[in-house]
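Using this note's numbering, you'd call the opening residue of the sequence shown number 28 and step up by one each time.
See below for the structure under consideration.
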Amino acid sequence: MPADHSAAKVSPILTRPRLQLGRWLRLSLGLGLLALLARIVNWAEITPLFAGLGWAFVALALALKGVSLLLSGLRWQIVLRAGGSAVPLWRLVRHYWVMLFFNNFVPTMVGADAIRVLMLNETRSPALRIVSVLVERLFGLVALLSFAALALWTRPELLQYTTLSFAALTALAGTVGLLGAILLPELWWGALRWIERFPRLGHLIHEVYQAGRQYRRAGRTLLLTVVISVLIQVLVIVSFGLRVRALGLEIGLIELGLVVPVTVLLTLIPITPGGWGTQEGLYLLILGTIGISPENALAIALLSRVLDVVFSAFGGLLWALERHP
């Protein structure tokens, strides 16, 4: 196995002056949003929720995050193996954990996934790195958004939440379309042949084309990826429900099936580092559409934030140990 220089790859990128300036601007925006949210809620209603926190539910929610992380690493390993790259499961789980740590500081999962691509030094093919992360991520989103569609199908009255329903179904269609474009590269290859004039970019696009075709032929891999993605998203929804229960609140399982996918999807939009401020605001906005008060919604958001930071801290430790063994 090649020497591991993944931490060395990530560090210079995160410290570039232009990125530093952008990060400070985004952080200022996030802090401003948090300050605004703090002013519009009644903290006297939030404090008792944390005073009576159900620690058993919190512990179980963290445990489910660990299982989800392990399954995510397994899914990534299966996708990479179909592309001809055998990577130990523990390495991929480690990469995922480090990504979760950086997700607290870079613009949400979009930037964190880019870091995951950089850290994957077990394969030399840039196209395989990119496509493996895209396929793995998109299958996860399709599975998650499918739960929203299922919730709407089983409970048609949820269609009264027009904005949520439209966002969920539109996002599902778009994600399926993007995944289809990767697995059926013949659909767009002809339109991009002009890129071959640029050797390096043309070579990368051609490798993406070949990787997409290779994955499409790996039927067993796709089936396993779908099954694992469904399991992961079930854990995501159940974990969210446990956080709600930990605060002594109640949200129906079907409602969670609609709310959680839309919340997760919108928090992927790279606006502020780690979604600070925007994620909490989206919780208030989305949970408010199903009748959750701003105070209860913010309490759920804050508990989720604390659990995410605590869980991802071990990824930061792994990254630090790699830089300074």
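C-beta atoms are modelled at their ideal positions from N, C-alpha and C, and glycine is treated no differently.
Looking at residue i: is its Cβ nearer than 8 Å to the Cβ of residue j?
i	j	result
Trp-103	Leu-119	yes
Gly-304	Thr-294	no
Ala-328	Glu-307	yes
Gly-201	Gln-260	no
Ala-176	Ser-256	no
Leu-334	Ala-88	yes
Glu-322	Glu-72	yes
Thr-316	Leu-191	yes
Ser-152	Val-106	no
Leu-258	Leu-91	no
Tyr-242	Gly-110	yes
Leu-185	Leu-285	yes
Arg-332	Gly-81	no
Ala-141	Leu-231	no
Leu-228	Ile-222	yes
CB-CB under 8 Å to residue i, same chain, minus the five flanking residues each way: which ones, in chain order?
i	result
Trp-124	Leu-96, Ser-339, Phe-341, Gly-342, Leu-345
Gly-59	Gly-304
Val-253	Phe-166, Ala-170
Reducing DSSP to helix, strand and coil, say where residue i ends up.
i	result
Arg-243	helix
Val-203	helix
Glu-322	helix
Ile-327	helix
Gly-79	coil
Pro-300	helix
Pro-115	coil
Val-68	coil
Glu-349	helix
Leu-147	coil
Ala-30	Since pLDDT at Ala-30 reaches only 46, below the 50 mark, its modelled position is unreliable, and the value read off the structure follows with that caveat. In the structure shown, Ala-30 sits in coil (DSSP, three-state: anything other than H, G, I, E or B).
Could you give the residue range of the alpha helix (DSSP H) that holds residue i?
i	result
Ile-281	280–293
Ala-90	82–109
Tyr-188	Counting along the chain, Tyr-188 falls outside any alpha helix (DSSP H), and DSSP gives it neither H nor E.
Ser-159	153–181
Ile-313	305–315
Leaving out five residues before and five after residue i in sequence, what residues of the same chain have Cβ atoms less than 7 Å from its Cβ?
i	result
Ala-83	none
Phe-267	Leu-283, Val-287
Val-336	Asn-131
Val-240	Looking at the sequence itself, residue 240 is Arg, so the reference to Val does not match. Result list for Arg-240: Pro-212, in chain order.
Leu-147	His-122, Arg-156
Thr-290	Leu-309, Tyr-310, Ile-313
Trp-216	Tyr-236
Leu-161	Ile-209
Ser-173	Leu-199
Leu-205	Leu-165
I want to check one thing, is the minimum distance from the CB of residue i to the heavy atoms of the ligand PLP below 7 Å?
i	result
Arg-182	Inclusion of the ligand PLP in the displayed structure is not the case, the ligand content being empty and no account of it being possible.
Ignore the nearest five residues each way along the sequence and tell me which others in residue i's own chain have a CB closer than 6 Å to its CB.
i	result
Leu-314	Ala-324
Leu-76	Leu-274, Ala-326
Ile-281	Ala-178, Arg-182
Leu-56	Thr-299
Tyr-188	Thr-316
Ala-194	Val-289
Runs of alpha helix (DSSP H) lying entirely within the region 207–275, each at least 4 residues, in chain order: 213–216, 226–244, 246–273
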